[in-house]
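In UniProt numbering, the protein residues as written are 1 to 343.
Beta carbons are placed, not taken as given, at the ideal position from N, Cα and C, and that holds for glycine.
If you want it as structure tokens, here you go:
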């Protein structure tokens, strides 16, 4: 059964995952430090990416602080910001363009005297767009602001070099493209942040068993190379996109004019709801997701209805046949029989 819901969770893991030995937090952190190009002692583990985001916002954003975020954020970020606002913080949301790309030119205009941080997603769970964190970081450094990034979609999906991204706090999830177990996530802190804000207080570290499984998966990525692990899913997503975008009644969301993306393609088909598309795919033994991808402000920004989108997201263990099966199923749904779409 083709599984094309890797943006939510990867179900197929490296062979080393199953019988991975237990690992201490420091051992798992060493592997992740190699992947993210940071120091192992800058990494703190949590039980999810959501917990990591919540802990970061709670630790660094205080009553009276002003925060800049974007209309592209996941509900995990939006909920953390709402909690901060309930205690006296304020948020300005930067809009996106018609392709869901951040309006970088508006960030500097939103800065106020009490602005503390810029909080944004690195990769979109809906469009697959990747935010230019170096550009965001340059603006932040110019004005003495910190950057908190939601990397739950990009960790393991694109190269992440924290030495270059100018990100002070990078939150990640273990069970998505890192191919680790559920119940794992973490925070990568910039130098000088770990000791000052008590961010480790109140967060739950995963068990040694789960850390061992996460370490095994990250070691697999390191062995193959992040470029080797990421390039094939991107090629599959591009091939799928090239086919479906030419279908008459299909609308695809996102900026596909760049190679820096996560391998996610979200779409709608005129005459069918996202749930109907998902059900048709299920009948064809293909797993996808439907809905707003937990990005309510983004769906509103792009003019997508409350029913959301049908999302196809690819992973390392997917194949070209999986792509063909998904295209065939969409052709069947629309009554198409032109083999051009499979070219």
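Residue i, DSSP secondary structure in three states
i: residue 227; result: helix
i: residue 136; result: helix
i: residue 13; result: coil
i: residue 102; result: strand
i: residue 23; result: coil
i: residue 46; result: strand
i: residue 221; result: helix
i: residue 41; result: helix
i: residue 255; result: coil
i: residue 85; result: helix
i: residue 277; result: helix
i: residue 150; result: strand
i: residue 74; result: coil
i: residue 141; result: helix
i: residue 267; result: strand
i: residue 289; result: strand
i: residue 54; result: helix
i: residue 129; result: strand
i: residue 66; result: strand
CA-to-CA distance, residue j to residue i, given in whole angstroms
i: residue 212; j: residue 26; result: 11 Å
i: residue 24; j: residue 31; result: 11 Å
i: residue 279; j: residue 40; result: 44 Å
i: residue 300; j: residue 35; result: 35 Å
i: residue 171; j: residue 149; result: 6 Å
i: residue 244; j: residue 232; result: 19 Å
i: residue 56; j: residue 188; result: 10 Å
i: residue 275; j: residue 266; result: 13 Å
i: residue 297; j: residue 262; result: 20 Å
i: residue 221; j: residue 133; result: 22 Å
i: residue 48; j: residue 125; result: 16 Å
i: residue 215; j: residue 229; result: 16 Å
i: residue 1; j: residue 219; result: 27 Å
i: residue 95; j: residue 272; result: 28 Å
i: residue 322; j: residue 286; result: 8 Å
i: residue 157; j: residue 226; result: 8 Å
i: residue 111; j: residue 97; result: 20 Å
i: residue 310; j: residue 246; result: 17 Å
i: residue 20; j: residue 28; result: 12 Å
i: residue 83; j: residue 50; result: 13 Å
i: residue 54; j: residue 79; result: 8 Å
i: residue 173; j: residue 337; result: 40 Å
i: residue 153; j: residue 175; result: 10 Å
i: residue 259; j: residue 335; result: 32 Å
From the options, residue whose alpha carbon lies closest to that of residue i
i: residue 379; options: 190, 232, 277, 106; result: Here the chain comprises residues numbered 1 to 343, so residue 379 is not present and cannot be evaluated.
i: residue 64; options: 38, 117, 44, 73; result: 117
i: residue 74; options: 7, 237, 265; result: 7
i: residue 320; options: 103, 342, 83, 175; result: 342
i: residue 52; options: 131, 306, 183; result: 183
i: residue 209; options: 323, 17, 4, 12; result: 17
i: residue 147; options: 137, 115, 153, 303; result: 137
i: residue 306; options: 295, 155, 315, 97; result: 295
i: residue 168; options: 156, 140, 152; result: 140
i: residue 67; options: 47, 49, 108; result: 108
i: residue 89; options: 111, 115, 70; result: 115
i: residue 9; options: 160, 179, 33; result: 179
i: residue 344; options: 223, 160, 79, 70; result: The chain is shown from 1 up to 343; residue 344 falls before or after that span and cannot be answered.
i: residue 234; options: 269, 246, 163, 315; result: 315
i: residue 205; options: 144, 21, 44; result: 44
i: residue 282; options: 145, 329, 323; result: 329
i: residue 151; options: 12, 11, 77; result: 77
i: residue 324; options: 290, 303, 241, 29; result: 241
i: residue 257; options: 246, 238, 247; result: 238
i: residue 69; options: 91, 22, 83; result: 91
i: residue 145; options: 61, 336, 175; result: 61
i: residue 106; options: 71, 5, 80, 33; result: 71
Contacting residues, own chain, Cβ-Cβ under 6 Å from residue i (five flanking each side not counted)
i: residue 255; result: 99, 101, 129
i: residue 264; result: 7, 128, 313
i: residue 46; result: 52, 185, 186, 203
i: residue 318; result: 236
i: residue 22; result: 208, 209, 212
i: residue 163; result: 37
Close-in-space but distant-in-sequence residues of the same chain around residue i (CB under 7 Å, 5 per side omitted)
i: residue 195; result: In this predicted model, residue 195 has a pLDDT of only 49, less than 50, meaning its place in the structure is not dependable; the value taken from the coordinates is given anyway. Here the set comprises nothing.
i: residue 87; result: 63
i: residue 131; result: 102, 120, 121, 122
i: residue 161; result: 37
i: residue 11; result: 3
i: residue 217; result: 13, 14, 17, 178, 179, 180
i: residue 165; result: 133, 134, 137
Rounded distance between the beta-carbons of residue j and residue i, thought under 8 Å
i: residue 191; j: residue 284; result: Contact doesn't hold; Cβ gap of about 50 Å is too wide.
i: residue 346; j: residue 269; result: Outside the displayed span of the chain (1 to 343) sits residue 346, for which this structure offers no information.
i: residue 308; j: residue 291; result: 4 Å
Own chain residues within Cβ distance below 8 Å of residue i, not counting five before or after
i: residue 327; result: 240, 243, 244, 341, 342
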